[in-house]
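Counting in full-length UniProt numbering, the sequence shown runs from 1 upward without gaps. Yeah, the Cβ is synthetic: ideal placement off N, Cα and C, and Gly gets one too. All values reported here derive from a predicted model rather than from experimental measurement. Data first, discussion second: the structure below is written as structure tokens.
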Amino acid sequence: MAFIDDVKSELAELEDEKVDARKAQVTTMIRFAGGFMNNAQKQIVMLATFDSLIAAQWLKNNIEELYNLEAHLATSTRTTPKGTHQYHVVKVERGAVNLAVATGLIDRNRAVRGLPAKIVQGKIAQVRAAWRGAFMARGILSDLGKNPYMEIICPSNEAAMALAGLARRLGITAKPRQLSKSFRVTLTDPDSIERMLNSMGAVHSSRDWTGKRSDGETRSKANRLANFDDANMRRSAKAAAEACDKVRQAFDMFEKNGIDVPENLRVAGKLRLEHGDASLEELGRLAEPPISKDAIAGRIRRLLQLAEKTSRSLS
């Protein structure tokens with residue numbers, strides 16, 4: 001089971017005794033998962049489609065309990081390029097008009113494109129419930145250990161703006177955006193996602209998500225350090241190999257032309273040739289007596305400068 005399924009299961013199991021909050025969640029789930037439309041007989045029906053069976057069951061049960069209307073739940077299978085998926089549809093036929101008016105999704109005979117004012121201007125419990133409903137209907141959450149993001153796919157720009165406004169009431173920044181013909185509200189800040197999970201009521205999932213995120217960040221940091229160390233080692237090895245070639249050429253020239261080399265420079269050069277893979281710090285420790293990394297580097301540098309000066313004088 002994907003982590004997002006765990007989150008939706010936890011949200012569905014919440015026992016919110018506040019009727020206004022439950023109604024706000026029902027309203028938002030209907031708005032984000034479908035809505036009201038005419039059937040073949042030109043009668044208004046309510047249809048809401050979910051990927052999550054537990055979310056569909058929650059909506060069905062609460063419509064029947066809160067509004068005393070009969071709701072039907074049907075599951076269908078659809079084949080897509082990504083595989084076979086199940087979809088769960090909650091349908092209300094008889095009394096759908098009454099449900100639309102009661103939820104506020106039809107106001108003065110006009111469909112509400114965002115969210116009803118009684119939710120947007122409602123109590124904090126209603127605000128949390130609305131976000132809970134939107135997430136259960138069309139929420140996306142990154143898997144544990146991956147780049148963090150939470151996203152809600154919205155039915156309209158007005159709905160996205162309303163949901164972002166509700167997030168602000170919770171003290172959380174959520175950005176509305178348009179992706180092709182799709183409207184979305186997105187959170188990418190890990191702390192904001194954690195706070196939103198807690199605000200919606202997914203306390204256990206928030207704890208798991210935060211813990212796994214920390215583990216993932218630790219692993220990422222370790223990988224970055226390992227990569228950094230590997231890069232440094234590669235650069236050091238390349239520099240050492242180049243220095244060996246230059247020292248070897250310098251000694252060949254000195255020997256060919258019978259040129260004496262100061263003892264300290266000669267010893268430093270020999271150490272470089274004898275320990276081609278060693279770092280400058282290791283070369284310094286191998287010297288007799290041991291010297292610093294800067295000292296051994298300086299002697300090799302002066303040896304090469306002497307070779308360059310000698311080469312110019314001979315040409």
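query: Using the Cα positions of Val-101 and Asp-208, report the straight-line distance between them to the nearest angstrom.; result: 39 Å
query: Start and end of the beta strand (DSSP E) containing Ser-156?; result: It is not in any beta strand (DSSP E) - Ser-156 carries neither H nor E in the DSSP assignment.
query: Below 6 Å CB to CB, which residues in the same chain sit around Val-45 once its five sequence neighbours on both sides are set aside?; result: Asn-39, Glu-93 and Ala-96
query: Verify whether the separation of the beta carbon atoms of Thr-28 and Ala-111 is less than 9 Å.; result: no
query: Quick one, are the C-beta atoms of Leu-271 and Leu-306 less than 9 Å apart?; result: no
query: Are Cys-59 and Ala-24 close, meaning C-beta to C-beta below 9 Å?; result: According to the sequence as given, residue 59 is Leu; it is not Cys. Not in contact: Leu-59 and Ala-24 (Cβ atoms no closer than 9 Å).
query: Compare the C-alpha of Arg-195 against each of Ala-167, Phe-183 and Ser-180 and name the closest.; result: Ala-167
query: If you reduce the DSSP assignment to three classes, tell me which class Thr-218 lands in.; result: Bear in mind that the predicted position of Thr-218 carries a pLDDT of just 46, short of 50, making it unreliable; the figure below should be weighed with that in mind. Thr-218: helix per DSSP, three-state reduction.
query: Is Ile-259 helix, strand or coil by DSSP?; result: coil
query: Quick one: complete alpha helix (DSSP H) runs, 4+ long, within the stretch 23-74?; result: 53-67
query: Ends of the alpha helix (DSSP H) at Ile-291?; result: Counting along the chain, Ile-291 falls outside any alpha helix (DSSP H), and DSSP gives it neither H nor E.
query: Return helix, strand or coil for residue 334, following the three-state DSSP convention.; result: In this structure the chain extends from 1 to 315, so residue 334 is not present and cannot be described.
query: Counting only beta-carbon atoms, is Gly-269 nearer than 9 Å to chain B?; result: Reference to chain B is not applicable here, since this structure consists of a single protein chain.
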